[in-house]
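Novice: Going letter by letter, the sequence shown gives residues 265 to 442 in our numbering. Just so you know, even glycine gets a beta-carbon here, dropped at the ideal spot from N, CA and C. These figures come from a predicted structure and were not determined experimentally.
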Amino acid sequence: MRILMNSRNVSCLIFTLVLGMIVLAPMGYAATEEDRGQNLFALGNQAYVKGNYDQAITHYKAALNQEGYTASLLYNLGNAYYMKNEIGQSILNYERALYLDPGNAQIKTNLALARKKSGLAIHESSSWIDFFKRLTLNEWTWAGVISLCSVHHGGRHRHCAAIRNVEPRGHHWRKCSA
265 MRILMNSRNV
275 SCLIFTLVLG
285 MIVLAPMGYA
295 ATEEDRGQNL
305 FALGNQAYVK
315 GNYDQAITHY
325 KAALNQEGYT
335 ASLLYNLGNA
345 YYMKNEIGQS
355 ILNYERALYL
365 DPGNAQIKTN
375 LALARKKSGL
385 AIHESSSWID
395 FFKRLTLNEW
405 TWAGVISLCS
415 VHHGGRHRHC
425 AAIRNVEPRG
435 HHWRKCSA
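Below, the structure written as structure tokens:
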């Protein structure tokens with residue numbers, strides 16, 4: 265008790281508590297926002313299972329506003345539009361989901377079904393284009409890092425070879441005769 269009687273210790277304690285509340289308050293708010301988005305997603309799934317596609321779409325769109333774009337949310341939204349026979353909206357959402365998750369076979373299958381139902385021509389692309397479309401953002405990043413490292417490494421050897429064939433002479437460089 266004697267320690268708490270010191271006014272300096274009391275003010276430090278109050279300052280620490282207030283600072284802790286200020287720092288931790290946004291974290292609690294963020295958690296509730298995420299929970300709200302998850303609840304909306306779950307409500308959309310329940311409405312979809314019951315066959316209430318309008319309500320499912322409403323919940324999925326509200327979840328998009330809360331959580332932002334995720335592949336699973338866009339995929340489910342595309343499914344709900346497909347079941348309502350709004351093929352254009354379903355294709356749009358499948359394309360968005362595929363952009364976020366390029367390797368997802370379910371999204372590709374449903375997108376192909378929606379395109380077929382709409383009568384859109386499905387163009388065949390080469391295997392190289394398909395390969396590059398399947399890469400995620402992380403895979404593209406690693407490919408870029410590896411490419412830059414190989415260019416840097418290869419460039420360094422060419423630079424060393426150029427220096428070996430050239431020697432300084434005043435302010436000018438001349439090629440070595442050897």
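Going by beta-carbon coordinates alone, are A344 and A320 separated by less than 7 Å?
Specialist: yes
Novice: Measure from the alpha carbon of Y363 to the alpha carbon of each residue in L338, G352, L384, G383, then state which is nearest.
Specialist: Closest option to Y363, Cα to Cα, is L338.
Novice: Among L377, G367, A327, whose alpha-carbon lies nearest the alpha-carbon of F395?
Specialist: Comparing Cα positions, the closest option is G367.
Novice: What are the boundary residues of the alpha helix (DSSP H) that includes G342?
Specialist: 335-347
Novice: CB I355 to CB A335, shorter than 7 Å?
Specialist: no
Novice: Suppose the cutoff is 6 Å on Cβ atoms and the five residues either side in sequence are ignored; what does the same chain contact list for K348 look like?
Specialist: Y317
Novice: Rounding to the nearest angstrom, what Cα-Cα distance links L375 and G352 in this structure?
Specialist: 11 Å
Novice: For V409 and R398, I'd like the C-alpha separation in whole angstroms.
Specialist: The C-alpha of R398 is placed about 18 Å away from the C-alpha of V409.
Novice: On the criterion of 16 or more Cβ atoms from any shown chain inside 10 Å, does Y358 qualify as buried, or is it exposed?
Specialist: buried
Novice: Is the distance from the Cβ of Q330 to the Cβ of G301 below 7 Å?
Specialist: The answer is yes: Cβ separation under 7 Å.
Novice: Is F395 close to chain C, meaning its C-beta is less than 7 Å from at least one C-beta of that chain?
Specialist: The structure shown contains no chain C; it is built from a single protein chain.
Novice: Tell me the DSSP secondary structure of T322 in three-state form.
Specialist: helix
Novice: Given this structure, state the Cα-to-Cα distance separating L341 from N303, to the nearest angstrom.
Specialist: Distance from the CA atom of L341 to the CA atom of N303, rounded to whole angstroms, is 15 Å.
Novice: Compute the Euclidean distance between the alpha carbons of L384 and L412, then round it to the nearest angstrom.
Specialist: 40 Å
Novice: Looking at the secondary structure, which residues open and close the alpha helix (DSSP H) in which G352 lies?
Specialist: Counting along the chain, the alpha helix (DSSP H) containing G352 begins and ends at 351-364.
Novice: If you draw a straight line from the alpha carbon of W404 to that of S414, how long is it in whole angstroms?
Specialist: 15 Å
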